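A.B. asks: In my numbering, the protein residues as written are 1 to 333.
For every residue, glycine included, the Cβ atom is placed at its ideal position computed from N, Cα and C.
Keep in mind it's a predicted model, so treat the numbers as computed, not measured.
Got a structure for you, written out below as structure tokens; questions coming shortly.
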Amino acid sequence: MQRRTLIQHTLAASTLLLGATVVTTSAMAQSSWPTSKPITYVVPFPPGGNTDTLARVIAQPLNKALGTSVIIENKGGAGGSVGSALAARAPADGFTILGGTISSHAINVSLYSKLDYDPIKSFTPIAMIGSGPLVLVVPASSPYKTLAEVLAGSKAKAAVGGLSSASPGSGTSNHMALELLAYQTGVKFTHVPYKGSGPAVQDVMGGQVDMMFDTGLVVGPHIQAGKLRPIAVTSSKRLESLPDVPTVAESGEKGFDMGSWQAVFAPAGTPKAIVDRLHDEILKVIATPEVQARLKSFGMQPSRMTPAELAEFQKTEVAKWAAVIKAAGIKAD
1 MQRRTLIQHT LAASTLLLGA TVVTTSAMAQ SSWPTSKPIT YVVPFPPGGN
51 TDTLARVIAQ PLNKALGTSV IIENKGGAGG SVGSALAARA PADGFTILGG
101 TISSHAINVS LYSKLDYDPI KSFTPIAMIG SGPLVLVVPA SSPYKTLAEV
151 LAGSKAKAAV GGLSSASPGS GTSNHMALEL LAYQTGVKFT HVPYKGSGPA
201 VQDVMGGQVD MMFDTGLVVG PHIQAGKLRP IAVTSSKRLE SLPDVPTVAE
251 SGEKGFDMGS WQAVFAPAGT PKAIVDRLHD EILKVIATPE VQARLKSFGM
301 QPSRMTPAEL AEFQKTEVAK WAAVIKAAGI KAD
């Protein structure tokens, strides 16, 4: 009996010591954050695309707000999966954050048979930056001027797979917009994935690819420069920056409505105090007139979702795209 009591006391003492160690380690991590070293902002796409550009818009004022360097680290591949998996494995100490998207955190889990992360369980939501529609564009030299002409042109080339459409990678919202259009219309297209929007848009402007879906952030300057022709936008309402461009629904495909969103996440288990501070500072950055104007010029609607609201929104998006992908029979593997 005495021996059993001694063992019980020893185990209880060990448990208390372990708990104290965990609390002390967590407190030390929080007390050293954010000034003890730079914060790595992982962008799971190459430089020049939507997520990369928005990360750089946020990182500079975030540097000043937190009193430490926020360093962008591009880790592209597999529709944002490579960089997301890298961030998921990082220590949950507030020194790693991730630019998550509709692709990496809602679509890929249904598109790929295996991911090295769980889009919900592997991350802690921090802040939604905003969302906006995609724009279907063709080269300025293209003969197509309306969605009806694009669909007719692709039907005419059905024997060779239809018109080609570029995207920044399989599983991206750009890719899914194409697949959703194909599914709703029954028209075939050939998907041409790239490693990022930068090289994709260059080949569309050069005429090597027939068309692409991308955000106003990427294609807007090229539309203004007369190098790309806008055909339609994917949202239910027209873009303020492109008021003369009809929606896909207005162009004859009723019910077509999708937006591409951008958010910030941290590895699961990141202390709530750190998450709350990052959320507050990012929302302050987004609320500045300069960033508001820039986001709207990109065709994005800024957001003020709380971390909890972002978590619920993400679950809804995962379910939505799971249904679309299953119905369309899409797989990226």
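(1) Name the one or two DSSP bridge partners that Gln262 has.
(2) Roughly how many angstroms lie between the CA atoms of Tyr112 and Ala332, to the nearest whole one?
(3) Quick check for students: name the residue ranges of the alpha helix (DSSP H) that lie wholly in the stretch 246–328, counting only runs of 4 or more.
(4) Can you tell which of Val201, Asp52, Val324, Leu163 has the C-alpha that lies nearest to the C-alpha of His222?
(5) Taking only the alpha-carbon atoms, compute the straight-line gap between Val57 and Ala159 and give it to the nearest angstrom.
(6) Bridge partners for Phe213 per DSSP, in chain order?
(7) Starting from Leu163, trace the beta strand (DSSP E) in both directions and tell me its first and last residue.
(8) Just the C-alpha distance for Lys326 and Ala177, rounded to the nearest angstrom, thanks.
(9) Quick check on this structure: which residue in Gln224, Val192, Gln314 has the alpha carbon closest to the alpha carbon of Asp210?
(10) Please identify the residue among Pro91, Pro34, Gly94 whose C-alpha is closest to the C-alpha of Leu66.
(11) How about Pro44 and Gly83: are their beta carbons less than 8 Å apart?
(12) Anyone know if the C-beta pair for Val264 and Ile129 falls short of 8 Å?
(13) Just the C-alpha distance for His105 and Lys315, rounded to the nearest angstrom, thanks.
(14) Roughly how many angstroms lie between the CA atoms of Ser36 and Val285, to the nearest whole one?
(15) How long is the line joining the alpha carbons of Glu253 and Gln208, rounded to whole angstroms?
(16) Whether or not the stretch 151–166 and the stretch 62–82 are in contact is what I'm after, with contact meaning three or more pairs of Cβ atoms, one per stretch, closer than 8 Å; do they touch?
(17) Return the chain-ordered list of same chain residues with a C-beta closer than 8 Å to the C-beta of Lys145, the five sequence neighbours on each side being excluded.
(18) Put Tyr194 into one of helix, strand or coil per three-state DSSP.
(19) Which of the three DSSP states is assigned to Ile39 in this structure?
(20) Measuring straight from C-alpha to C-alpha, what distance separates Thr306 and Val275?
(21) Going by beta-carbon coordinates alone, are Thr247 and Phe213 separated by less than 8 Å?
(22) Alpha carbon to alpha carbon, how far is Ile102 from Gly77? Give it in angstroms, no decimals.
(23) Which of the three DSSP states is assigned to Ile330 in this structure?
C.D. replies: Reading off the structure:
(1) Beta-bridge pairing links Gln262 to Thr101, Gly130.
(2) About 6 Å.
(3) Considered as a whole, the stretch 246–328 harbours 272–287, 289–297, 307–328 as its complete alpha helix (DSSP H) runs of no fewer than 4 residues, in chain order.
(4) Cα-wise, what sits closest to His222 is Val201.
(5) Straight-line Cα distance between these residues: approximately 44 Å.
(6) Answer is Leu136, bridged to Phe213.
(7) Here the beta strand (DSSP E) through Leu163 covers 163–167.
(8) Distance between the alpha carbons of Lys326 and Ala177 is about 15 Å.
(9) Nearest option by C-alpha distance: Val192.
(10) Distances from the alpha-carbon of Leu66 to those of Pro91, Pro34, Gly94 put Pro34 closest.
(11) In this structure, Gly83 lies closer than 8 Å to Pro44 by Cβ.
(12) Yes, the Cβ-Cβ distance between Val264 and Ile129 is below 8 Å.
(13) Inter-residue distance for His105 and Lys315 is about 9 Å (C-alpha atoms, whole angstroms).
(14) Taking the straight line joining both Cα atoms gives about 22 Å.
(15) Here the alpha carbon of Glu253 sits roughly 27 Å from the alpha carbon of Gln208.
(16) Output reads no: the stretch 151–166 does not touch the stretch 62–82.
(17) Within the same chain, Lys145 has close Cβ partners Arg229, Ile231.
(18) DSSP places Tyr194 in coil when its eight states are reduced to three.
(19) Taken through DSSP and simplified to helix, strand or coil, Ile39 comes out as strand.
(20) Whole-angstrom Cα-Cα distance: 11 Å.
(21) The answer is no: Cβ separation not under 8 Å.
(22) Taking the straight line joining both Cα atoms gives about 15 Å.
(23) Correct three-state label for Ile330: coil.
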